[in-house]
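Chains A and B, in that order, are what the protein sequence lines are. The letter at position 135 of the first sequence is residue 134 when you use numbering that gives the first Met the number 0, and the numbering goes up by one with no holes. The letter at position 321 of the second sequence is residue 320 when you use numbering that gives the first Met the number 0, and the numbering goes up by one with no holes. For glycine and all other residues, C-beta sits at the position ideal for the given N, C-alpha and C. The structure appears below as structure tokens.
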Amino acid sequence: MATAQRRITKEYADIQKKPLDGMRISLPSEADIHQWQILIDGPRGSPYEGGVFNLHLSLPTEYPFKPPTLSFKTKIYHPNVTNDDKGSMCLGMLRADEWKPSSKVEAVLSFAQGLLLEPQPDDAVEGGIAREYKENKKEFVKNAKAWTKQYAKK
Amino acid sequence: MTAQSVDTFVLAFSDPALNEAEPQRARVNVSVSFELFNNNHVQTLSTNQAGGDVEGLLFVPDLDTSDSCFNASMRYVPSNVTRIGDLPTEQYYYLGLAPWFSAACTKSYLAAARRVAGLDGLIVYIPNNSTGTPPPISDGTWNLNDGGQWKSENKYPVYAIPGVDGAIIMEQLAQYSGNASSPKEQNILTQEQLDPMDYVRIYTTFGLNGGSSLPTLWAFLLIVLAIVLFIIGLTSLSMHYYQRRNRRALERRIQTGEVDLETLGTRLRVPQEAINNLPTFIYVPNESKPMDTNKPVQPPLQAPSESVAAASSTPDHTLWEQPTCPICLDDFIPHETTVRSLPCHHIYHPACIDPFLLDNSSLCPVCKAKVVPQEQNAYTYEPVTNAMVRYERRARRMRLAREMRRAQTGRFGMQGGESSGRFANLRRACGRDRRISSAPSAGPTTSQIEMVEVGNRAVSSPVAALNHEGSAMQTRPPTDTNMRREWMRRRMSALVGRQPTIEEAEAERQARMPRCESSPKTVVHSLEANANSHV
Chain A
0 MATAQRRITK EYADIQKKPL DGMRISLPSE ADIHQWQILI DGPRGSPYEG GVFNLHLSLP
60 TEYPFKPPTL SFKTKIYHPN VTNDDKGSMC LGMLRADEWK PSSKVEAVLS FAQGLLLEPQ
120 PDDAVEGGIA REYKENKKEF VKNAKAWTKQ YAKK
Chain B
0 MTAQSVDTFV LAFSDPALNE AEPQRARVNV SVSFELFNNN HVQTLSTNQA GGDVEGLLFV
60 PDLDTSDSCF NASMRYVPSN VTRIGDLPTE QYYYLGLAPW FSAACTKSYL AAARRVAGLD
120 GLIVYIPNNS TGTPPPISDG TWNLNDGGQW KSENKYPVYA IPGVDGAIIM EQLAQYSGNA
180 SSPKEQNILT QEQLDPMDYV RIYTTFGLNG GSSLPTLWAF LLIVLAIVLF IIGLTSLSMH
240 YYQRRNRRAL ERRIQTGEVD LETLGTRLRV PQEAINNLPT FIYVPNESKP MDTNKPVQPP
300 LQAPSESVAA ASSTPDHTLW EQPTCPICLD DFIPHETTVR SLPCHHIYHP ACIDPFLLDN
360 SSLCPVCKAK VVPQEQNAYT YEPVTNAMVR YERRARRMRL AREMRRAQTG RFGMQGGESS
420 GRFANLRRAC GRDRRISSAP SAGPTTSQIE MVEVGNRAVS SPVAALNHEG SAMQTRPPTD
480 TNMRREWMRR RMSALVGRQP TIEEAEAERQ ARMPRCESSP KTVVHSLEAN ANSHV
């Protein structure tokens, strides 16, 4: 799909030209522009501060008509990220029926960054963590910090 | 089927050949005749065709006089014994009785019995044997040295009785043969004051077991199975019918434009002809003045329909806000790039938007507005599925509940379509639910009008009911269809014990206090006002 190739190349170039704050984006394989590697710094003021999180963004061949998928390769204690090998992130805008072709990767990544700063427990995939976040924030912060220290060391 | 017992007795009966209106048949009293009942001392040698009852008039099969067995049998069989010729030729079945003294002669008896029409079975006994029970089936006595072939040759059951019993019956059989030399028959006929023409013969019935209970069990199981299958089939059939009817109904409503397909979570696609009808222009930047050369550069392949032509005749460039194509992110080159404008005034490269509309969606990639008005039916979509029916029903219920709550609380002056849209947006933002009713605000469509009407009815009926009864539950169904539906719903929830939803509880609480400042009347009134303003 030429359209997909062109658009992804363009988006990648734009994002390299004007990098997002606290994010480093690279291609694990130069040959495959559909797979992006993203390193996000834990946002200041969040329990993830000081950690670096390795994310993987996969852009389908039908992009931008089909949404990309975003997953955490680094384990993270977060209500909106599944606590398994996949580390899938639940973003409303990435759902098939919510996705708009006019949305850009940049917006997706900004949204993910925002989610680190402010989790959305009402839209959680990890119910236990979401409950803890709502009812016992202190404990949540403690756990999140511990995980960050253990798994997301710089 | 194996024999459990055997009962041998004397039977007096009228001659069936006389064709009497009421054939007489009676068991002769034991005191003047004979009976032998044997329980548990019967061996079943062959069970061929032993269906139902095994019973009949007793006789000794005739052996050929040339057969050497004929002379051999004289020792055991009296000469005046009952033969088949002594029995009536119709209406009765027959049971043969034969001594089993040698394999060869048994075969002769089997063959002789085989020739008798109406034979129900053969009884054998070992003469000069005083044991009370015949040898078991596995005993070598019963071996005819043909590997059991005789069983398949002779299609009737063969039972063995004790030798003592056999000898007694054989002796009695000579007494009741109807010959002049069997005096007992005449005695009985005179003593019992019967017709001198009547027969008095020995009759034997077998009590069968085992086999008879098994078929009933099987029959029972089969009946149960059949009933279960029937019920399953009926349920499946009615379900299929019901679902099919619902699908048809939804299809019709889609065709009339009453239901918006996009709200059913279906991805519609736009056919090529409808895409061709969307106007294309040469891109002109927003800030520049409209130029007179702004006429369609690529005349649509087909003549545009009137509505499209009317919309595209005056392209308003001030509405074009994008300098880039949202799909490929390339900038449009002023006065050079050809752009396709959707009804929502979002513009794209035709090469980018066309495949999207053709293969993916019928909504604008930027604002999700409809590209083609539903009335044109210019969509290609999958056939209506049960999932769509369910989805539409759920969406309708939610919408109804929302309408009800709004009408009951009354004070929030939200407009129908707008507020449902807002709810939908909220839900979408939370990502918790799929698009339930993202009704586009493109003027009052039929569905919106219907929606208001439905809301009106749904609200007014409980209010009216409460006005009359003052309680949440009526005991008799109301006559009006919609009121009855509401009444049914309430009854069902009462039966099921379902907790009322928040809006229902709120509605009931409100309704129970009619002296509240918002009386039901004003609620209805304001709702009508709402509806009117909306329409």
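Measuring only the C-alpha atoms, how far is residue i from residue j?
| i | j | result |
| --- | --- | --- |
| A/P120 | A/L90 | 12 Å |
| B/F205 | B/Y240 | 54 Å |
| B/V258 | A/T73 | 46 Å |
| B/T500 | A/A95 | Unreliable positioning characterises B/T500 in this predicted model, as indicated by a pLDDT of 48, which lies under 50. The coordinate reading is nonetheless provided below. In a straight line, the C-alpha of B/T500 is about 31 Å away from that of A/A95. |
| B/E21 | B/D14 | 11 Å |
| A/L164 | B/L341 | Here chain A has residues from 0 to 153 only, and residue 164 of chain A is not among them. |
| B/R24 | B/F12 | 4 Å |
| B/S176 | B/P98 | 18 Å |
| B/R590 | B/V9 | Nothing in the structure corresponds to residue 590 of chain B, since chain B is present only between 0 and 534. |
| A/H77 | B/R389 | 34 Å |
| B/T445 | B/R392 | In this prediction, B/T445 scores a pLDDT of 39, lower than 50, which makes its location untrustworthy; the coordinate-derived value is nonetheless stated afterwards. Rounded to whole angstroms, B/T445 to B/R392 spans 18 Å at the Cα level. |
| A/G50 | A/Q112 | 13 Å |
| B/A464 | B/R395 | Unreliable positioning characterises B/A464 in this predicted model, as indicated by a pLDDT of 40, which lies under 50. A coordinate reading is not provided. |
| B/V123 | B/S107 | 13 Å |
| B/S418 | A/R23 | The pLDDT assigned to B/S418 is 39, lower than 50, so where the model puts this residue is not dependable; a value taken from the coordinates is nonetheless given after this. C-alpha separation (whole angstroms): 42 Å. |
| B/V157 | B/S65 | 25 Å |
| B/R113 | B/E152 | 9 Å |
| B/A554 | B/T1 | This structure gives no information on residue 554 of chain B, because the portion of chain B shown stretches from 0 to 534. |
| B/H344 | B/F331 | 15 Å |
| A/P100 | B/P325 | 7 Å |
| B/Q271 | A/V124 | 40 Å |
| B/N79 | B/V59 | 10 Å |
| B/I222 | B/E250 | 41 Å |
| B/K369 | A/Q149 | 50 Å |
| A/A129 | B/A248 | 43 Å |
| A/S102 | A/H55 | 18 Å |
| B/D63 | B/A111 | 8 Å |
| B/R339 | B/I281 | 9 Å |
| B/K150 | B/N47 | 7 Å |
| B/P299 | B/M387 | At B/P299, the pLDDT of 40 sits below 50, so the modelled position is not reliable; the number obtained from the coordinates is stated separately. Near 35 Å, if we compare the C-alpha coordinates of B/M387 and B/P299. |
| B/N560 | B/L207 | Because chain B in this structure spans residues 0 to 534, residue 560 of chain B falls outside the shown range and cannot be described. |
| B/R456 | B/A400 | Model confidence at B/R456 stands at a pLDDT of 42, short of 50, so the residue's coordinates are unreliable; what they give is reported in the following sentence. Their backbone Cα atoms lie some 12 Å apart in a straight line. |
| A/I160 | A/T8 | Here chain A covers residues 0 to 153 and nothing more, so residue 160 of chain A does not appear. |
| A/L38 | A/P46 | 17 Å |
| A/T175 | B/I253 | As displayed, chain A neither begins before 0 nor continues past 153, which places residue 175 of chain A out of reach and without an answer. |
| B/P195 | B/L188 | 6 Å |
| B/R405 | A/K16 | 51 Å |
| A/S21 | A/L108 | The question names Ser, yet the displayed sequence has Gly at residue 21 of chain A. Going by the C-alpha atoms only, they are around 11 Å apart. |
| B/Q171 | B/T7 | 10 Å |
| B/A218 | B/I231 | 20 Å |
Contact defined as beta carbons within less than 8 Å: I believe residue i pairs with residue j. What is the distance between those atoms, to the nearest angstrom?
| i | j | result |
| --- | --- | --- |
| A/A151 | A/F52 | 6 Å |
| B/T203 | B/G55 | 7 Å |
| A/N79 | A/L114 | 6 Å |
| A/S57 | A/Q36 | No, A/S57 and A/Q36 are not in contact; Cβ-Cβ is about 11 Å, not under 8 Å. |
| B/L540 | B/R268 | Because chain B is modelled from 0 through 534, residue 540 of chain B falls outside the range shown and cannot be assessed. |
| B/G117 | B/Y93 | 6 Å |
| B/D119 | B/I83 | 13 Å between Cβ atoms; not a contact. |
| B/G131 | B/P161 | 6 Å |
| B/F100 | B/P126 | 6 Å |
Can you name the residues that DSSP bridges to residue i?
| i | result |
| --- | --- |
| B/G95 | B/F58 and B/L121 |
| B/L362 | B/K369 |
| B/M403 | DSSP lists no partner for B/M403. |
| B/L10 | B/R26 and B/R200 |
| A/Q4 | DSSP lists no partner for A/Q4. |
| B/Y347 | B/R339 |
| B/A36 | For the sequence presented, residue 36 of chain B should be read as Phe rather than Ala. Bridge partners of B/F36: B/D6. |
| B/V31 | Looking at the DSSP assignment, B/V31 forms no beta bridge with any residue, so it has no partner. |
| B/R396 | In the DSSP output, where bridge partners are listed per residue, B/R396 has none listed. |
| A/R23 | A/L38 |
| B/F280 | B/V338 |
| A/V104 | A/V104 pairs with nothing; no bridge assigned. |
List the residues of chain E whose Cβ lies closer than 7 Å to the Cβ of residue i, in chain order.
| i | result |
| --- | --- |
| B/P278 | No chain E is present in this structure, whose protein chains are A and B. |
| Completely contained alpha helix (DSSP H) runs for the region 174-252 of chain B, where each covers 4 or more residues | 182-190
| task | May I have a chain-ordered list of the alpha helix (DSSP H) segments no shorter than 4 residues that lie completely inside the region 106-163 of chain B? | result | 148-152
| In chain order, which continuous runs of the beta strand (DSSP E) of length 3 or greater are located wholly inside the region 41-87 of chain A? | 51-57 and 68-71
| query | Is the region 56-72 of chain B close to the region 33-41 of chain B, with three or more CB pairs under 8 Å? | reply | no
| query | Counting Cβ pairs, one atom from each stretch, are 3 or more of them under 8 Å apart for the region 131-142 of chain A and the region 60-67 of chain A? | reply | no
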